[in-house]
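Oh and the sequence shown: position 85 is 86 in the numbering used here, straight run, nothing missing.
So the structure is just underneath, and the comments pick up after that.
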Amino acid sequence: MAVKNEILQVAQECRLNAYAPYSEFKVGAAVLTVNNKVFVGCNVENASYPCGTCAEAGAISAMIAAGEHCIAEILIIADTKCILPCGNCLQKIAEFGNAETLIHSADLHGNIKTFTLQQLLPHNFDAGDMKC
Ligand SMILES: [Zn+2]
């Protein structure tokens with residue numbers, strides 16, 4: 002539980018830096034790696050909407066940039082209710098996690114829901130799918 006509180010706090014702080022002038026929907030994320038390193042990200046919108054990036058993607062990019070590659074847990078916190086990662090981000094989490102990787106979704110009222118990656122993306126695409 003202590004680890005979850007740590008990543009909750011840093012994700013919440015990072016959420017405040019989100020660049021969301023169009024939706025005004027700020028999201029923060031924090032990744033905890035299997036080596037107990039923490040990386041954060043926030044959503045970054047763009048006037049050309051498809052160019053925007055999700056908070057989870059930012060946190061995962063920071064993790065990779067630091068040389069870490071294995072997600073143990075990820076927490077997402079948004080302005081409103083507990084939200085879940087989009088399909089694109091679930092696939093990104095699958096690339097660096099496993100079926101038991103924990104995905105926490107928090108809101109600003111202290112609610113947290115926890116799922117495994119298996120629950121949210123039971124049939125992800127992976128490198129094995131490219132082989133005959
Ligand atoms: Zn996403």
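Heads up, the beta-carbon is just placed ideally off N, CA and C, and yes, glycines get one too.
Predicted model, so just to flag it, every value in this text is computed and none were measured.
**Item:** Contact test: N134 Cβ vs ligand 1 heavy atom, cutoff 7 Å
**Value:** With the chain represented from 2 up to 133, any question about residue 134 goes unanswered, as that position is not in the structure.
**Prompt:** Counting pairs of Cβ atoms below 8 Å between the region 39-55 and the region 115-125, do you hit three or more?
**Reply:** Contact between the region 39-55 and the region 115-125 is absent: fewer than 3 CB-CB pairs across the two stretches fall below 8 Å.
**Message:** Tell me the rounded alpha-carbon separation between E7 and K82.
**Reply:** So the two alpha carbons sit approximately 20 Å from each other.
**Request:** Hey, could you find the ends of the beta strand (DSSP E) K38 is sitting in?
**Result:** Unbroken run through K38: none, as it is neither H nor E.
**Request:** Would you tell me roughly how many angstroms separate the C-alpha atoms of A48 and R16, rounded to the nearest one?
**Result:** Spanning the two alpha carbons is a distance of roughly 19 Å.
**Message:** Residues around ligand 1, please: the ones whose beta-carbon is closer than 7 Å to some heavy atom of it, in chain order.
**Reply:** For ligand 1, residues qualifying as neighbours are C55, E57, A58, P86, C87, N89, C90, where qualification means a beta carbon closer than 7 Å to at least one of its heavy atoms (chain order).
**Message:** Tell me the residue span of the alpha helix (DSSP H) that contains I61.
**Reply:** Element bounds for I61: 56-66.
**Item:** Chain-order list of residues whose beta-carbon lies under 6 Å from that of D80 (same chain, five-residue window excluded)
**Value:** A distance below 6 Å between beta-carbons, with the five flanking residues on each side excluded, links D80 to the following residues of its chain, in chain order: F26, K27.
**Asked** Rounded to a whole number of angstroms, what is the C-alpha to C-alpha distance between N18 and F126?
**Response** In a straight line, the C-alpha of N18 is about 32 Å away from that of F126.
**Prompt:** Under 8 Å, do Q13 and G29 count as touching if we go by C-beta distance?
**Reply:** Using a Cβ distance threshold of 8 Å, Q13 and G29 count as a contacting pair.
**Prompt:** Should G42 go down as buried or exposed, given a rule of 16 or more other Cβ atoms within 10 Å for buried?
**Reply:** Burial call: buried.
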